[in-house]
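According to mature numbering (1 follows the signal peptide of the UniProt record, and there is no 0), the sequence shown holds residues -22 to -1, 1 to 216 in order.
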Amino acid sequence: MPGLDRRAATAIALAVMLSACAPEAPDPVASGATPPGTSATPTPDVSPTTTPGSTPAPEPTAPEASGPFSLAPADADVTAADLALVERLITFSLDPDDDAVPALGLAPEGVRLGLADRLLAALPVASAADPAAWRIPEEEFRAHSGPFSALDVLRHRTTGAEGSPAVPDGLPLVVTVGEHPHCAAPPVAPPAEVAALRRVAVQPAEAAMSSCLDWFTVDLFVDDGGVVRAVTLDLWEP
């Protein structure tokens, strides 16, 4: 029956058209939906968060050099207190200041100043911030011309005279306790007046010297209470 065949063909064509227009079922993986029968697992948020009003922490950077010198103990006899005492004196020599004087641990009644094994002058604590007060008015010592100052030597040998780059940054210095060599010569005895005190000395590391002409030592004589009673300077004689 031709009429029936035409109606059947029309119905089939209409069904095909309707199925083509129907929306596809969503893909549960692509859409983020949870498939039936499974539980959702939250994904951790790894993006940085910032509390309102706060500043994000900066990226860590390499530490900068702490100054134009470095200190190292010569042996196990040198304590952290010895190193700190020397470091404070050197730092003070670079920029003398009244506020920094108390940290030097100087004896309240004053400090004796000397050259090698002789005590030759007195430093009143009230004048300690003045570099001139540290100078010993000797005309000559070990073939060097005076006056002489442990503070001046520390400053000049650490940064160069008048701050010039005569000495490279990071000058390695060694801290010793007790008797120490006089560069290539035998040790020099301490002044008799302070021989019983703890002797804390600082001098250039061997690697920092081209010859003994670069050598110096600044010795601090410290009592049992950590008070500095005397400071001496010694140099190599040309």
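The C-beta atom is built at its ideal place from N, Cα and C for all residues, glycine as well.
- Which one of Glu157, Leu211, Ala173, Val205 has the shortest CA to CA distance from Asp55? Glu157
- Please report how far the alpha carbon of Pro169 lies from the alpha carbon of Arg177, in whole angstroms. 11 Å
- Quick one: Cα of Leu211 to Cα of Leu84, how far? 16 Å
- Item | Length of the line joining the Cα atoms of Ala107 and Ala174 | Each residue's Cα considered, the two are about 28 Å apart.
- Environment of Ser71 [buried if 16+ CB atoms lie within 10 Å]: buried
- Item | DSSP three-state assignment for Leu211, whether helix, strand or coil | strand
- Query: Can you list the beta strand (DSSP E) stretches of 3 or more residues lying completely in the segment 108 to 181, in chain order?
  - Reply: 149 to 155
- Hey, how far is the Cα of Gly203 from the Cα of Val64? 16 Å
- Please report how far the alpha carbon of Ser123 lies from the alpha carbon of Pro86, in whole angstroms. 31 Å
- Item | Status (buried if at least 16 other CB within 10 Å, exposed otherwise) for Arg135 | buried
- Task: Tell whether a beta-carbon distance below 7 Å holds between Trp112 and Cys161.
- Result: In this structure, Trp112 lies away from Cys161, with their beta-carbon atoms at least 7 Å apart.
- Query: Can you give the Cα-Cα distance for Leu67 and Pro159, rounded to whole angstroms?
  - Reply: Approximately 22 Å, taken between the alpha carbons.
- Message: Rounding to the nearest angstrom, what Cα-Cα distance links Leu82 and Arg133 in this structure?
- Response: 16 Å
- Got a sec, what are the start and stop residues for the beta strand (DSSP E) Ser48 sits in? 47 to 51
- Message: Can you give me the C-alpha to C-alpha distance between Arg207 and Leu149, rounded to a whole angstrom?
- Response: Take the alpha-carbon of Arg207 and the one of Leu149: they are about 27 Å apart.
- Item | Beta bridge counterpart(s) of Asp197 as assigned by DSSP | In the DSSP secondary-structure assignment, Asp197 is bridged to Ala179, Thr210.
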